[in-house]
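**Student:** Per the working numbering, residue 50 is the first one in the sequence shown, and the count goes up by one each step. Ideal Cβ positions, reconstructed from N, Cα and C, are used throughout, including at glycine. Below you will find the structure I want to go over with you.
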Amino acid sequence: KMAQALRCDARFLCAGGLGRSRAPRCATRAAASARTSRSGVGAPSSVTRRDTCALAASQEVRQSTGEYTVAFEEIIVDTKLGIALYDITPQIEEVLASSGVTHGTVNVVSRHTTTALTINELEPRLVDDVRQFLARLVPPNYPYLHNDLQYRDIPVPFVGVWPDDEPINAHSHIIAMLIGQSDSVPVQEGKLVLGTYQSVIFMELDGPRQRKIGISVTGIKQ
50 KMAQALRCDA RFLCAGGLGR SRAPRCATRA AASARTSRSG VGAPSSVTRR DTCALAASQE
110 VRQSTGEYTV AFEEIIVDTK LGIALYDITP QIEEVLASSG VTHGTVNVVS RHTTTALTIN
170 ELEPRLVDDV RQFLARLVPP NYPYLHNDLQ YRDIPVPFVG VWPDDEPINA HSHIIAMLIG
230 QSDSVPVQEG KLVLGTYQSV IFMELDGPRQ RKIGISVTGI KQ
């Protein structure tokens with residue numbers, strides 16, 4: 050049923066949809082491109098884009114020959130420093146391989162408020178640059194209100210053990226909000242769609258600790 054619905058969506062998309070012109074969107078885009086080239090205004094000519102219709106058609110073929118699958122696994126990272134970066138791409142690839150998904154998406158989320166996820170190059174000197182820059186951008190010793198433990202309400206589950214067990218980590222929360230705590234990577238032919246120097250990087254911002262990361266794989270299993 051899902052494959053049938055996706056085929057309908059693909060035909061609807063290429064027909065224009067929503068009661069608009071029946072001309073395919075790719076044809077409309079080509080006409081607009083021609084007008085743009087004559088006027089000399091628009092996107093650089095060196096930028097190439099795959100037609101919406103071609104994408105929809107190729108997706109329709111794949112959807113009709115496979116089974117839609119959702120898989121989830123959790124990995125654990127034991128961090129060693131206050132701010133540290135870890136390449137978790139190999140672990141994600143293992144989860145993807147075990148799921149059997151060949152075309153879809155991998156979603157990665159950290160389950161902690163003082164960690165972050167990003168996609169970039171994990172070169173040692175660049176890592177040091179990042180750590181030093183974050184310390185300058187959000188100084189740990191700034192008088193953050195969050196660190197005034199005596200003025201904060203004690204959450205019910207932590208009565209009796211808090212604030213003695215509460216770290217002074219407002220800067221870690223702020224950095225995590227700036228960077229983000231989840232990321233998504235497309236999957237094609239059973240492989241993560243990443244650039245040559247790209248890695249999925251887990252960022253510890255308040256270590257050392259044991260951290261949990263959720264990995265969800267959704268897509269077509271063939």
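Please report the straight-line C-alpha distance between residue 249 and residue 193, rounded to a whole angstrom.
**Tutor:** When rounded, the distance between both Cα atoms is 30 Å.
**Student:** In its own chain, which residues sit with a C-beta less than 7 Å from the C-beta of residue 256, not counting the 5 before and 5 after it?
**Tutor:** Excluding positions up to five away in sequence, the list reads 128, 129, 130, 131 and 133.
**Student:** Going straight from the alpha carbon of residue 222 to that of residue 164, what length do you get?
**Tutor:** Cα to Cα, the separation comes out at about 8 Å.
**Student:** Could you tell me whether the region 205-221 touches the region 179-194, where touching means 3 or more Cβ pairs closer than 8 Å?
**Tutor:** Yes: at least three Cβ pairs fall under 8 Å.
**Student:** Just how far apart, CA to CA, sit residue 185 and residue 266?
**Tutor:** Taking the straight line joining both Cα atoms gives about 36 Å.
**Student:** Using CA atoms only, rank isn't needed, just tell me which of 207, 136, 201 and 115 is closest to residue 262.
**Tutor:** The candidate whose alpha carbon is nearest that of residue 262 is 136.
**Student:** By the DSSP assignment, the beta strand (DSSP E) with residue 253 in it spans what residues?
**Tutor:** Start and end: 248-253.
**Student:** So is residue 174 buried or exposed if we call it buried at 16+ other beta carbons inside 10 Å?
**Tutor:** Exposed.
**Student:** If you drop the 5 nearest sequence neighbours on each side, which residues of the same chain put their C-beta closer than 7 Å to that of residue 259?
**Tutor:** 125 and 127, listed in sequence order.
**Student:** Which word fits residue 210, buried or exposed, when buried means at least 16 other C-beta atoms lie within 10 angstroms of its C-beta?
**Tutor:** Looking at its Cβ environment, which holds fewer than 16 other Cβ atoms inside 10 Å, residue 210 is exposed.
**Student:** Give every residue of the same chain whose Cβ lies closer than 8 Å to the Cβ of residue 121, excluding the five residues on either side of it in the sequence, and list them in chain order.
**Tutor:** So the list reads 263, 264, 265 and 266, once near-sequence residues are dropped.
**Student:** Where does residue 206 fall in DSSP's three states?
**Tutor:** Correct three-state label for residue 206: helix.
**Student:** With 8 Å as the threshold, decide whether the Cβ of residue 161 is near any Cβ in chain B.
**Tutor:** This model lacks chain B altogether; it includes just one protein chain.
**Student:** By Cβ distance, which residues of its chain are closer than 6 Å to residue 234, with the 5 residues on each side in sequence left out?
**Tutor:** Excluding sequence neighbours, residue 234 sits near 155 and 241.
**Student:** I need the DSSP call for residue 258, collapsed to helix, strand or coil.
**Tutor:** Coil, per DSSP.
**Student:** For residue 247, which of 147, 166, 170 and 138 has the nearest alpha-carbon?
**Tutor:** Minimum Cα distance to residue 247 is reached at 170.
**Student:** Out of 117, 138 and 119, which one is the CA nearest neighbour of residue 252?
**Tutor:** Looking at the Cα atoms, 138 is the closest of the given residues.
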